[in-house]
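Per the working numbering, residue 815 is the first one in the sequence shown, and the count goes up by one each step.
C-beta atoms are modelled at their ideal positions from N, C-alpha and C, and glycine is treated no differently.
Report on one structure; see the data block that follows.
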Amino acid sequence: MILNVNLRKSLLTASTNDDAKQAALEGAAEGLVIQAERQINGKGRQGREWNSPVGNLYCSILLRPNCEAIQAGHYSFIAALAVRAALTELLPQANIQLKWPNDVLVHGKKISGILLESAPMHDTKIDWLVIGIGVNCRTHPDNPAYPTSSLKAEGAAMIAADQVLTLLLAQLESWISSYRQHGFGPIRTAWLTYARRGAITARLPDRTYEGEFCDLDPFGRLIIRLADGTEQAIAAADVFFSV
Ligand code: BTN
């Protein structure tokens, strides 16, 4: 086994990512999984809130990958593939796609989000990596600007957060193992297989790019083709599809 899973579950916490980070600072080993039934300060990407009522899955997995900081982002694609594979077991007929950098969509609607946090060591490596994952099992936020869904809304027969976590951890084990043996190449290929493609808008803090989804580079950056035919690599942005 790659992940020596040590599950700590609580009814309520501020943020499972914060708990996992605190545990990392106190020396917890790789494989610690923090799960909560509800979060009162659930965190999303770009400083946003992750609404966290009872009934959905909120978990954070602590890794100590001993990798360069530049490679840490690979784990967001690994996590997205693991979530997708777990959800495919529950919704075998559904079209489950991946949206850069790490959203999981079912029929175009967001069902899961992933938040990676890490800390540098004294050199260029990272000391720890926390992968925070939220899966909408019973409910999903109402967001007209960004359609969302849940396992329940999609008609899954099994929607219990604990069972989703069991499937997810098995898939994470398998994708992390593949990555540690074969590197990012197969992860990138698999991710591209399931990537949502089309016309996109990538919103950065200081500018916006409009173009066509094109590729993922070896560092996990999004490559978009702009209207003038040039390609632009993007390391971090909010991405929107124009249908
Ligand atoms: C996003 O799509 O913006 C990322 C959402 C990540 C939410 C999960 S829920 C479990 C973990 N704890 C947090 O506070 N956030 C992540």
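For residue i, the residue or residues it bridges with in DSSP
| i | result |
| --- | --- |
| Phe-1055 | Ile-1014 |
| Cys-873 | Gln-849 and Ile-947 |
| Val-920 | Ile-910 and Lys-923 |
| Thr-1087 | In the structure as shown, the chain begins at 815 and stops at 1057. Residue 1087 is therefore absent and cannot be evaluated. |
| Thr-902 | None, per the DSSP bridge assignment. |
| Gly-1025 | Ile-1014 and Leu-1040 |
| Ser-932 | Leu-943 |
| Leu-821 | Val-847 |
| Thr-962 | Lys-924 |
| Glu-882 | Lys-939 |
| Ile-990 | For Ile-990, which the question treats as bridged, DSSP gives no partner whatsoever. |
Spatially closest choice to residue i from the options, by CA coordinates
| i | options | result |
| --- | --- | --- |
| Leu-817 | Val-897, Ser-991 and Pro-915 | Ser-991 |
| Pro-867 | Glu-987, Phe-1055, Cys-881 and Ser-964 | Ser-964 |
| Lys-913 | Cys-1028, Ala-837, Pro-955 and Glu-851 | Cys-1028 |
| Asp-1031 | Lys-823, Arg-1002, Leu-826 and Arg-878 | Arg-1002 |
| Asp-1042 | Pro-906, Glu-1024, Phe-1033 and Phe-1054 | Glu-1024 |
| Lys-966 | Ala-908, Leu-983 and Thr-1015 | Ala-908 |
| Met-815 | Val-978, Trp-989 and Ile-848 | Trp-989 |
| Gly-887 | Ala-838, Tyr-993 and Ala-1016 | Tyr-993 |
| Ala-1136 | Pro-955, Ser-874 and Arg-1021 | Here the chain covers residues 815 to 1057 and nothing more, so residue 1136 does not appear. |
| Glu-968 | Ile-1038, Leu-1040, Asn-950 and Ala-975 | Asn-950 |
| Phe-764 | Glu-1045, Thr-1044, Ala-975 and Glu-1026 | A query on residue 764 cannot be resolved here, the shown segment of the chain reaching from 815 to 1057 and no further. |
| Leu-826 | Leu-839, Ala-975, Gln-853 and Lys-835 | Gln-853 |
Cβ neighbours of residue i in the same chain (closer than 8 Å, five flanking residues each side left out)
| i | result |
| --- | --- |
| Lys-1095 | Nothing about residue 1095 can be read from this structure; the chain reaches only from 815 to 1057. |
| Ser-890 | Pro-915, Asn-916, Ile-928, Leu-930, Ile-945 and Gly-1034 |
Close-in-space but distant-in-sequence residues of the same chain around residue i (CB under 7 Å, 5 per side omitted)
| i | result |
| --- | --- |
| Gln-860 | Asp-1052 |
| Thr-938 | Glu-882 and Ala-883 |
| Asn-957 | none |
Beta-carbon contacts of residue i that lie in its chain and below 6 Å, excluding the five residues immediately before and after
| i | result |
| --- | --- |
| Leu-1036 | Trp-914 and Ile-1048 |
| Lys-923 | Pro-961, Thr-962 and Ser-963 |
| Gly-845 | Leu-817, Asn-818, Val-819 and Asn-820 |
| Ser-932 | Ala-886, Ile-940 and Leu-943 |
| Arg-822 | Ile-848 |
Beta-carbon proximity check, residue i vs residue j, cutoff 8 Å
| i | j | result |
| --- | --- | --- |
| Ala-850 | Pro-934 | no |
| Gln-911 | Ala-1009 | yes |
| Pro-1019 | Ile-940 | no |
| Thr-953 | Asn-870 | yes |
| Leu-895 | Ala-970 | no |
| Leu-901 | Val-918 | yes |
| Tyr-872 | Gly-927 | no |
| Thr-1059 | Ala-1016 | Limits of the chain in this structure are 815 at one end and 1057 at the other, which puts residue 1059 out of reach. |
| Ala-837 | Leu-876 | yes |
| Ala-899 | Gln-985 | yes |
| Val-897 | Leu-982 | yes |
Residue i beta carbon near the ligand ZN (any heavy atom closer than 7 Å)
| i | result |
| --- | --- |
| Gly-861 | Judged by which ligands are present, the ligand ZN is missing from the structure shown, whose ligands are the ligand BTN. |
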